[in-house]
Each structure stands twice: as structure tokens, then as C-alpha cells.
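Colleague: My questions will all concern the structure given below.
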Amino acid sequence: MTDNLPVVETFHSLQGEGLHAGRSALFIRLGGCAVACPWCDTKHSWPAEAHPQQALAALAAETEAAEATGAAFVVITGGEPLHHDLGPLCQALELSGLPLHLETSGVDPLSGRFAWITLSPKSHRPPTTELLAACHELKVVVHEAADLAFAAAMAAAAAAAGNQPALLLQPGWDSPAGHALAIDYVRRNPQWRLSLQSHKLLGLR
Ligand code: SF4
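In this note's numbering, each residue carries its 1-based index in the sequence shown increased by 3.
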């Protein structure tokens, strides 16, 4: 039983990306990631041991406080949260009654119970079939044309796994080419929609 997890930061803000963008949420960013995406904007989260262990009870108390001040749901993000067994964390946070959302690259087995799973697959470390089958939204970051082919392959793999997640293309924040490619692809493929990092546009955390 895990009583503690390495936590990079917690903050109450607005979800900036995906189908739930614009909604009030408490973010819990766990430490630790071995996926090593070259464009990662949270590289400081990679070494788990660099971040203090926090008690699940303290995270549960923070979740209840966030609910009292308007949070509509909790986002477990990272790092790569599924490097950890998330069962005990979910059990502790469920007491608040807030829906729990997960943001993952999908390289590890699924643990915990989530109302919403955002799968952001990486071509250099493809996700498991389990996560392709379980995700509610599939969000692919676009920097170059090869990312569009990867996005289509991931959507097909999710469908083959019996899932029909919402399909989102998200241009790399500092990638003009990615923006142009994603916009053009979504314009021609109506089953996809554009996801922008609106928190960055607005200067939110
Ligand atoms: S999976 Fe997420 S946290 Fe890990 S390297 Fe990739 S973008 Fe960064």
C-alpha cells in the first residue's frame, strides 16, 4: 500500500487542453517520467526522487479544499502518473466526491479508477492496448507530418480495441509547422478536433 507519492506541484486552475478545457480543476502533478519526449515542457518532473513525498491524506485534504473553492474535478498529471500504482491515491481522493481525471502517455498498466482518461500517445513509446481501449480522449501532439500518420494509426488502434475516444490534435506550443499541419488536417477530417494549450495563451499555470 502506497501512502506517499512524489509530488512536483499542486494547483487549482482551469483545465487548458482537451474536451474539458476551460473548466475549474485541481491539478496534482506527480514526479517521475522515463518516457523522455524531446519536446517535453515539464522536464523538471522527470526524476521522481527530486520531488518531496506527500502523504495521500494531505492530497485528499487539498482536494476537499479545492472542491470547496470551486474545482469541478481533479487532474492527475505528471510526469507519467502511471509509473506509480494510482489505486491508493484514487481511493484517498474519491472521498471528496470530485471526478478524477488522468493524463497519461499510456506506457504502463492502468491503475486506479478514473472518470476521464486523456491518452497522449508518443510514437517513440507507443501506448498499451489497455490504455487505447480505456481512454476517453486521444490527444496527439503535432510537430511534423509524421505525427498525423501516427495520430491516424492511434485512432485506428483504439477502434480495433473497441473504443471510440474523442480525437484531438494538439499543435506543439512552439511549432508553427505543427499548427499549420493540425489546422489543415482537422479542416479535412471532421472526426478530429483541434486542442490548444489555452492556459499558455492566457498565462495560466
Ligand atoms: S510523457 Fe509527458 S512528462 Fe513524460 S517526457 Fe513525455 S511529455 Fe514529458
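Every residue gets a Cβ at the ideal spot worked out from N, C-alpha and C, and that includes glycine.
#1: Apart from the five residues on each side of it in sequence, which residues of its chain come closer than 7 Å, Cβ to Cβ, to glutamate 67?
#2: Is there at least one non-hydrogen atom of ligand 1 closer than 7 Å to the beta-carbon of valine 38?
#3: Pull up the distance between the alpha-carbon of arginine 191 and that of alanine 63, whole angstroms please.
#4: Are at least three pairs of beta-carbons, each pair with one atom in the segment 133-143 and one in the segment 165-175, less than 8 Å apart?
#5: Give me whichever residues DSSP pairs with phenylalanine 14 in a beta bridge.
#6: Check whether chain B comes within 8 Å of proline 174, counting only Cβ atoms and requiring the distance to be less than that.
#7: Could you name the residues that DSSP lists as bridge partners for leucine 122?
#8: Buried or exposed for histidine 127, please, with buried defined as at least 16 other CB atoms from any protein chain shown within 10 angstroms of its CB.
#9: By Cβ distance, which residues of its chain are closer than 7 Å to alanine 148, with the 5 residues on each side in sequence left out?
#10: Let's see if you can read the secondary structure: which residues bound the beta strand (DSSP E) around glycine 94?
#11: Measuring alpha carbon to alpha carbon, tell me which residue in Ala37, Ala180, Asp177 and Glu65 is nearest leucine 85.
#12: Is the segment 65-80 in contact with the segment 18-31, if contact means three or more CB pairs nearer than 8 Å?
#13: So phenylalanine 153 is in the alpha helix (DSSP H); what residue range does that whole segment cover?
#14: Could you check whether glutamate 133 and leucine 113 sit closer than 8 Å to each other, using their CB atoms as the reference points?
#15: With 16 other CB atoms within 10 Å as the buried threshold, where does lysine 125 fall?
Modeller: Checking against the coordinates, here is how it stands:
#1: Your numbering for residue 67 matches position 64 in the sequence shown. Cβ within range, chain order: Ser99.
#2: As a first step, residue 38 is located in the sequence shown; it is residue number 35 there, counting from the start. At least one heavy atom of ligand 1 is nearer than 7 Å to the Cβ of valine 38, so yes.
#3: For the purposes of this step, residue 191 is taken as residue 188 along the sequence shown, with counting starting at 1. For the purposes of this step, residue 63 is taken as residue 60 along the sequence shown, with counting starting at 1. Distance between the alpha carbons of arginine 191 and alanine 63 is about 44 Å.
#4: yes
#5: Along the sequence shown, one-based indexing puts residue 14 at 11. Per DSSP, Phe30.
#6: No chain B appears in the structure shown, which is made up of a single protein chain.
#7: Translated into positions along the sequence shown, residue 122 becomes position 119. According to DSSP, leucine 122 bridges with Thr107 and Leu141.
#8: Within the sequence shown, residue 127 is the residue found at index 124, counting from 1. Histidine 127 is exposed by the Cβ-count criterion.
#9: The residue given as residue 148 occupies position 145 in the sequence shown. Counting only Cβ-Cβ distances below 7 Å, and skipping sequence neighbours, we find Leu184.
#10: In the sequence shown, counting from the first residue as 1, residue 94 sits at position 91. The question names glycine, yet the displayed sequence has glutamine at residue 94. That residue, glutamine 94, is in no beta strand (DSSP E); its alpha helix (DSSP H) goes 90-97.
#11: For the purposes of this step, residue 85 is identified with residue 82 of the sequence shown, where counting begins at 1. If we check each option's Cα against that of leucine 85, Ala37 comes out closest.
#12: yes
#13: Position 150 of the sequence shown, counted from the first residue, corresponds to residue 153. Unbroken alpha helix (DSSP H) run through phenylalanine 153: 148-163.
#14: In the sequence shown, counting from the first residue as 1, residue 113 sits at position 110. In the sequence shown, counting from the first residue as 1, residue 133 sits at position 130. Cβ atoms of leucine 113 and glutamate 133: closer than 8 Å.
#15: The residue given as residue 125 occupies position 122 in the sequence shown. With 16 or more Cβ atoms within 10 Å of its Cβ, lysine 125 is classed as buried.
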